Amino acid sequence: MAQTAQSASTSTELAKGVAFLMDPVGSRPIQTPERFTEEQRLFHKSALDFLRHEVLPRVPEIEAKNTAVLLELFHKAGDLGFFSATIPTEYGGMGLDETTAMLISEAMNIVESWSVTLGAHAGIGTLPIVFFGNEAQCQKWLPKLATGEVISAYALTENNAGSDALSGRTRADLTPDGKHYILNGSKMFITNAGFADLFIVFAKIAGEKFTGFIVERSSEGLTVGPEEHKMGIRGSSTCPLILEDVLVPAENLLGEIGKGHKIAFNILNVGREKLGIGCIGAAKYALELSVKYAKDRKQFGKCLSEFELIQQKFAQMATSIYAAESLGYRTAGLMDARISLIAKGQPDTQSKVVQAIEEFAIEASILKVFGSEMLDDVADHAIQVHGGYGFVEEYQVERIARDSRVNRIFEGTNEINRMLIPGTILKRAMKGELPLLDFSMQIMAELQEPAKLPKLDGPAPLDTARGLVECAKRATVYAIQAAAQTYMQALGEQQEVLARLADMVIACYAMDSAVARAGQADTDDARRATTHREMANLFAHEAYESVLREANWVLESIAEGDALAGMKSLLKTLPERPVLAVVKVHRAIAAACIETNGYPLV
Amino acid sequence: MKILVAVKRVPDTTVKLKLKPDGTGVVTDGVNFEVNPFDVIAVEEALRLKEKAGGGEVIVATIGSKDATQQLRHGLAMGADRGILVVNDDDNAIDADVVARTLKAVVAKEQPTLVLVGKQSPDGESNQVPQMLAEHLGWPQATFASKVVVAADKASAEVTREADGGLETLSVRLPAVISADLRLNEPRYASLPGIMKAKAKKIDEFTFESLGVAKAPKVTAVGFFAPPERKAGAVVASVEELVNKLKNEAKVLG
Chain A
28 MAQTAQSAST STELAKGVAF LMDPVGSRPI QTPERFTEEQ RLFHKSALDF LRHEVLPRVP
88 EIEAKNTAVL LELFHKAGDL GFFSATIPTE YGGMGLDETT AMLISEAMNI VESWSVTLGA
148 HAGIGTLPIV FFGNEAQCQK WLPKLATGEV ISAYALTENN AGSDALSGRT RADLTPDGKH
208 YILNGSKMFI TNAGFADLFI VFAKIAGEKF TGFIVERSSE GLTVGPEEHK MGIRGSSTCP
268 LILEDVLVPA ENLLGEIGKG HKIAFNILNV GREKLGIGCI GAAKYALELS VKYAKDRKQF
328 GKCLSEFELI QQKFAQMATS IYAAESLGYR TAGLMDARIS LIAKGQPDTQ SKVVQAIEEF
388 AIEASILKVF GSEMLDDVAD HAIQVHGGYG FVEEYQVERI ARDSRVNRIF EGTNEINRML
448 IPGTILKRAM KGELPLLDFS MQIMAELQEP AKLPKLDGPA PLDTARGLVE CAKRATVYAI
508 QAAAQTYMQA LGEQQEVLAR LADMVIACYA MDSAVARAGQ ADTDDARRAT THREMANLFA
568 HEAYESVLRE ANWVLESIAE GDALAGMKSL LKTLPERPVL AVVKVHRAIA AACIETNGYP
628 LV
Chain B
627 MKILVAVKRV PDTTVKLKLK PDGTGVVTDG VNFEVNPFDV IAVEEALRLK EKAGGGEVIV
687 ATIGSKDATQ QLRHGLAMGA DRGILVVNDD DNAIDADVVA RTLKAVVAKE QPTLVLVGKQ
747 SPDGESNQVP QMLAEHLGWP QATFASKVVV AADKASAEVT READGGLETL SVRLPAVISA
807 DLRLNEPRYA SLPGIMKAKA KKIDEFTFES LGVAKAPKVT AVGFFAPPER KAGAVVASVE
867 ELVNKLKNEA KVLG
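Chains A and B, in that order, are what the protein sequence lines are. Residue numbering for the first sequence follows this note's numbering, starting at 28 and increasing by one per position. Residue numbering for the second sequence follows this note's numbering, starting at 627 and increasing by one per position.
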């Protein structure tokens, strides 16, 4: 395809956050499951074996809130080292990469009650100390958190402070002797609260300075309230936490006074990444259950898997998993590429790790939104394939669908994340960190002289898909620019426009990642390269349509009359989606699912 | 106590294999491989015997392509101490006898007190290597083990084996060859530290030549074909019709 000169950075320098929006698709290699190392595969297999042989058989007990069973499995997982992946080696951890931590999350999330228990401990319950703890705090807590001897929980949300997390009322006051803080307030929806030994609690010093604290369960005045009765993840413990004159030693203050938001937001970046990846694990399992069920179940004298409308679901499930997997492990790889260059064991090591992860905060938000919505769709298809049986508790897909729902709520609602995506992009562009304006001017020139636009045809099998990705980016950046020019500083208030822009950016990252991966599969996974291509191509076609639709809605929301007509006619310069024999493509992808009993690229 | 465990790289047992169009074997390209599940049980038993003995060494050995290193690493990640790879690029060019003679050469080098192997592999399903190896070594053998107890003096082992219709308990002199059955134990998972440590463990490579083994199979694979698909059945209206068909069409009744 004819590649226009974009503001592509060279592949030798480190990729920056959101570079995907401006760089041509495939301009630098991305991490994909095909490129995992032998160790990464072994770590994943070990977690998957544990999940399938130890956890899955005990799902009925876990879901019935049998805490003894949950804790028995928890400690077994601790003995195998599953909590220690990203804890530095000097504190009893394994010091492994983000990708490995993500692979463990993917495997564990087949049972979400189980994975949130692990995640609340090893993720949001441990990482605040890893990232922001001082030497004494790391020495004291991390070795015990690594083994699971001490179980941790994260207490940020309050009854009146959910999405608006920093508005919490819990306060901390220094005692006159300066040795303790007295904490007062209450926290809501605290995962693991029923049995955690340690809580990372956020409170405002003197009612003003938002700060993190490490609070032990045994502290006098700390009470754990009753378990919530939830729609899903019923096996996990979720309780409120009441703090009444709780004395916390001053040395348990985490990070800096008044910088609690830094802890909270950076932990969310990792949490969102893990959540998104976890959804992939649950989705693959739902697809596997659906394919196996459909091959077994007969109606009208045929297996369900022989019917076109069942096959269509398999194709859609597999394709959306493919896109999520491609963007998810690409993101982990981007973080790892930066983290791997940081000298270990230095005083500033962890703050540099935090920065490296923050660089990809937008990608983490995308992964969270795309992953959680992908799983909702996949789980819903899985129920439909199972028919009436999918609606009864005896079948796992019923649980997966209920468990899936919370993913759109916690770790920042999808709405909050949608606001963050274009908001952060524009903030970075204003600061000159992103060459968005250059690219936007290039796009204006291209739209006025359509011969310069990327082409949708070419000799190579992925040329059309590549062209679609490039055109989708142009529509997206054009819409962002138009919205920014229209509203200027007030764009932050235009939630619906922002959400549509977010959807376009999300589609771009997913398309770009899927198509780049399929391109690499020619050499990385030659035997299944056709399946890669079919899924990437199908996804690119569908995403392109949705990007154009959203772009039109954005324009129609921000302008009217001649101005609108002018904008729309410019947008129309972008080529129409070319023909795709979608039924045939669905058949082919479904055949690959049926042959492999699930997601075709395991 | 020094224990040698022979492991085999086999295609993922949950995936349906495809035959090459020319019938010379199964398609292995793009297939996921794992350690023969029976061999994993053998590794686990070796680790437990070593732990019980309070010391010793567990060596995992395999015959296969360089890719089989992955399967050795799995054993090392479980806790085995080192690995041995005898490089062989064509599984169809060797038979159980070549495997048994190769393992005999490895045994001669290592002098273990015990050889543990899975009772059979899910790809070839021949169930011959343990028995042949014992014969070539002139050692006692106890196959299909569901329980292994090594005597305190390490001179013998009591092995419960799963025979047709019941359990049989044998006492074998050591050194011996024992093959593991499904119910011998529940294998451990490779722990994360185990996987990390496995990276640093040594794997020695050999060739058939360097071991002095003639790669001369007695059995050669002539061709591979899938079992014929089951033909559609027919519904009969009455017992008389059924008997009639069995007599005259199927000719299975006289």
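Ideal Cβ placement from N, Cα and C applies to all residues, glycine included. Computed from a prediction, not measured in an experiment: that's the story for all the values here.
Taking the beta carbon of D665(B) as reference, no residue of chain A falls within 7 Å; the closest one sits roughly 15 Å away. If you draw a straight line from the Cα of G398(A) to the Cα of N564(A), it is about 19 Å long. For the options G239(A), T265(A), I241(A), the alpha carbon positioned closest to that of M215(A) is the one of T265(A). The beta carbons of V785(B) and A632(B) sit about 17 Å from each other, so the pair does not count as a contact at 8 Å. Within the segment 195-272 of chain A, complete beta strand (DSSP E) segments of at least 3 residues are found at 198-201, 207-218, 225-232, 236-243, 249-251, given in chain order.
For G287(A), the enclosing alpha helix (DSSP H) starts and ends at 287-323.
The beta carbon of R527(A) lies closer than 6 Å to those of E577, W580, V581 in the same chain, with the five residues before and after it left out. Non-local beta-carbon contacts of S132(A) in its own chain, meaning distances under 6 Å to residues more than five positions away in sequence, involve K301, I304, G305 in chain order. Interface annotation for the segment 808-825 of chain B against chain A: Y815, A816, S817, L818, P819, I821, M822, K825, criterion Cβ-Cβ distance under 7 Å.
Taking C-beta atoms as the reference points, S540(A) and L354(A) count as a pair closer than 7 Å.
With at least 16 other beta carbons inside 10 angstroms of its own, G360(A) counts as buried.
Distance from the CA of L474(A) to the CA of Q343(A), rounded to the nearest whole angstrom, comes to 32 Å. At least one beta carbon of chain A lies nearer than 7 Å to the beta carbon of D655(B).
Of Q697(B), S782(B), E831(B), the smallest CA-CA separation from T728(B) is found for E831(B). Listed in chain order, the positions of the segment 61-78 of chain A with a beta carbon within less than 9 Å of a beta carbon of chain B are E65, E66, R68, L69, F70, K72, S73, A74, D76, F77. Sequence-distant partners of R560(A) (beyond 5 residues in either direction) whose C-beta falls short of 7 Å from its own C-beta, in its chain, are P488, L489, A545.
DSSP places I804(B) in the uninterrupted beta strand (DSSP E) bounded by 802-806.
Not a single C-beta of chain A is nearer than 7 Å to the C-beta of A694(B). Given a length threshold of 3 residues, the segment 62-140 of chain A has no whole run of the beta strand (DSSP E) inside it.
With a contact defined as Cβ atoms closer than 8 Å, V157(A) and I114(A) qualify at about 6 Å. In the displayed model, Y536(A) falls within a helix according to three-state DSSP. Between the alpha carbons of P203(A) and E235(A) lies a distance of about 18 Å. In terms of Cα proximity to S54(A), the closest of M594(A), A543(A), D551(A), D552(A) is A543(A).
In the DSSP assignment, Y181(A) is bridged to I227(A). Counting along the chain, Q339(A) sits inside the alpha helix (DSSP H) bounded by residues 335-366.
Nearest C-alpha to E569(A) among L249(A), F101(A), V496(A), G175(A): V496(A). DSSP lists V713(B) as the beta-bridge partner residues of G690(B). Judged by DSSP in its simplified three-state form, A840(B) adopts coil rather than helix or strand. At a C-beta separation below 9 Å, N658(B) has these neighbours in chain A: V629. Secondary structure at R614(A): helix, using DSSP grouped into helix, strand and coil. The three-state reading of DSSP puts L281(A) in strand, counting E and B together. In the DSSP assignment, T795(B) falls within the unbroken beta strand (DSSP E) covering 792-799. Per DSSP, K628(B) is one residue of the beta strand (DSSP E) stretching across 628-632. Apart from sequence neighbours up to five positions away, the residues of its chain that approach A199(A) with a beta-carbon distance below 6 Å are Y208, L210, A230, I232, ordered along the chain. Assigned with DSSP and collapsed to three states, K644(B) falls in coil, not helix or strand.
With respect to chain A, the C-beta atom of A703(B) has a partner C-beta closer than 7 Å.
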